[in-house]
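Participant: Using this note's numbering, the first residue of the sequence shown is number 399, and each one after it goes up by one. Every residue gets a Cβ at the ideal spot worked out from N, C-alpha and C, and that includes glycine. Just so we're clear, the structure is a prediction, and the values are computed from it rather than from any experiment.
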Amino acid sequence: MKILVTTDLSSNSKGGIRFALQLAEHYQYELTFFYTYHNERPTWNDLSYNGFQNTELQNERIKLIRFIRKVAGSIDLQQLQLYYHVQESLFVAQHILQYAQLHQFTFICIGRSAAGWHRKLFGSVANILIKQSHVPIIIVPPDYRRRKLRNVLYASDLTNFESELNMVLVCMETLKLKVDILHFSLPSDQLNNKVASATEIISKLPPNTVQFFQEKYNFEEPLVKHLAVQLAKFNPSILVMFTDQQRTFFEKLFLGSDTVSFSSLAKWPMLVFPKPLT
């Protein structure tokens, strides 16, 4: 499997780099570190400018490699499959999407900004990737530190459940992580038979493949608070969610939420899949 790890050489991207290096070290994932920069074009002729660009590109590549080595610390990078891609561009998200699709990456890994990320998410690079990428996105908090990966918490609305669950299980087969499924039950669940259908799907899996949990949803509290409580309870290594790349589950989760509840949610790496088409 291959992961495209994006960085702007800032401290905010260090968590994503640490997480990706952990996957590479323990699961032999291939990593490509992707970095874009931009320089205003001087008033030179094309020949002079192209020479300048080539020199700048090499300098920026050296900066990228040094940054990765610094973040990696004592990890022996020579034992890992690592590649580096540097590109001059103003359109960061678009080039990440193009490069990820062209080279058939399994995941895109991005670092999460620290202060005010929930306010800046929509309209940022992360927002564009989440809404447009066909490649699943791993979003990692900047202060992430290596810890043993044990389990994932898959928060599901049970829509397209079988397709989504298959995608999660294929992913977790490599990582060999325990899968817990969390659903916030609604009165409408009884009418549309979602829970019964999900239970039947789970019953056909080998024993102990997944565990299914339900929590009653209190409409007086925002979804982010419900999820934060359950994250503290389950303490997953990764939170898994699906988004249909419109203003639905994922966006509702963050918009309008208060800083305190979001900061609780933001402690965990998130794996965001695009919802499968019905």
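#1: Can you list, in chain order, the residues of its chain whose CB lies under 7 Å from that of Lys-576, leaving out five sequence neighbours each side?
#2: When burial is assigned at 16 or more other CB atoms within 10 Å of the CB, is Val-403 buried or exposed?
#3: Specify the secondary structure class of Asp-578 as computed by DSSP and reduced to three states.
#4: Check whether the Cβ atoms of Ile-579 and Tyr-542 lie closer than 8 Å to each other.
#5: Anyone know if the C-beta pair for Gln-477 and Leu-429 falls short of 8 Å?
#6: To the nearest angstrom, how far is the alpha carbon of Val-484 from that of Ala-524?
#7: Touching or not, the stretch 419 to 433 and the stretch 454 to 472, by the rule of three or more beta carbon pairs under 8 Å?
#8: Considering only the beta carbon of each residue, do Arg-395 and Arg-416 sit closer than 8 Å?
#9: Tell me whether the stretch 666 to 673 and the stretch 552 to 570 touch, counting them as touching only if at least three CB pairs, one residue from each stretch, are closer than 8 Å.
#10: Where do the N-terminal and C-terminal ends of the beta strand (DSSP E) with Thr-641 fall, by residue?
#11: Please give the ranges of any alpha helix (DSSP H) in the stretch 532 to 581, keeping only runs that are unbroken, at least 4 residues long and fully inside the region.
#12: How far does the alpha helix (DSSP H) with Cys-598 in it extend, from its first residue to its last?
#13: Count the CB pairs spanning the stretch 525 to 540 and the stretch 496 to 510 that are closer than 8 Å, and state whether there are at least three.
#14: In the DSSP assignment, find the alpha helix (DSSP H) that holds Ile-508 and state where it starts and stops.
#15: Just how far apart, CA to CA, sit Pro-540 and Leu-556?
Facilitator: Checking against the coordinates, here is how it stands:
#1: Position 178 of the sequence shown, counting from 1, holds the residue named residue 576. Same-chain partners within the cutoff: Arg-548 and Asn-549.
#2: In the sequence shown, counting from the first residue as 1, residue 403 sits at position 5. Buried.
#3: One-based indexing of the sequence shown puts residue 578 at position 180. Of the three classes helix, strand and coil, the one that applies to Asp-578 here is strand, per DSSP.
#4: For the purposes of this step, residue 579 is taken as residue 181 along the sequence shown, with counting starting at 1. For the purposes of this step, residue 542 is taken as residue 144 along the sequence shown, with counting starting at 1. Not in contact: Ile-579 and Tyr-542 (Cβ atoms no closer than 8 Å).
#5: Here residue 477 refers to the residue found at position 79 of the sequence shown. Here residue 429 refers to the residue found at position 31 of the sequence shown. Not a contact, by the Cβ cut-off of 8 Å.
#6: The residue you call residue 484 lines up with position 86 of the sequence shown. The residue you call residue 524 lines up with position 126 of the sequence shown. If I take the Cα positions, the gap works out to 19 Å.
#7: The stretch 419 to 433 makes contact with the stretch 454 to 472: 3 or more CB pairs, one atom from each, lie closer than 8 Å.
#8: Within the shown structure, residues of the chain are numbered from 399 to 676, placing residue 395 beyond reach of any answer.
#9: Two segments are said to touch when three or more pairs of C-beta atoms, one from each, lie closer than 8 Å; by this definition the stretch 666 to 673 touches the stretch 552 to 570.
#10: Sequence index remark: in the sequence shown, residue 641 carries index 243 (1-based). Thr-641 -> beta strand (DSSP E) spans 636 to 641.
#11: 559 to 573
#12: Here residue 598 refers to the residue found at position 200 of the sequence shown. The question names Cys, yet the displayed sequence has Glu at residue 598. 592 to 601 is the extent of the alpha helix (DSSP H) around Glu-598.
#13: yes
#14: Within the sequence shown, residue 508 is the residue found at index 110, counting from 1. Counting along the chain, Ile-508 falls outside any alpha helix (DSSP H), though it belongs to the beta strand (DSSP E) covering 505 to 509.
#15: Here residue 540 is taken as the residue at index 142 of the sequence shown, counted from 1. Here residue 556 is taken as the residue at index 158 of the sequence shown, counted from 1. Rounded to the nearest angstrom, the two C-alpha atoms are 30 Å apart.
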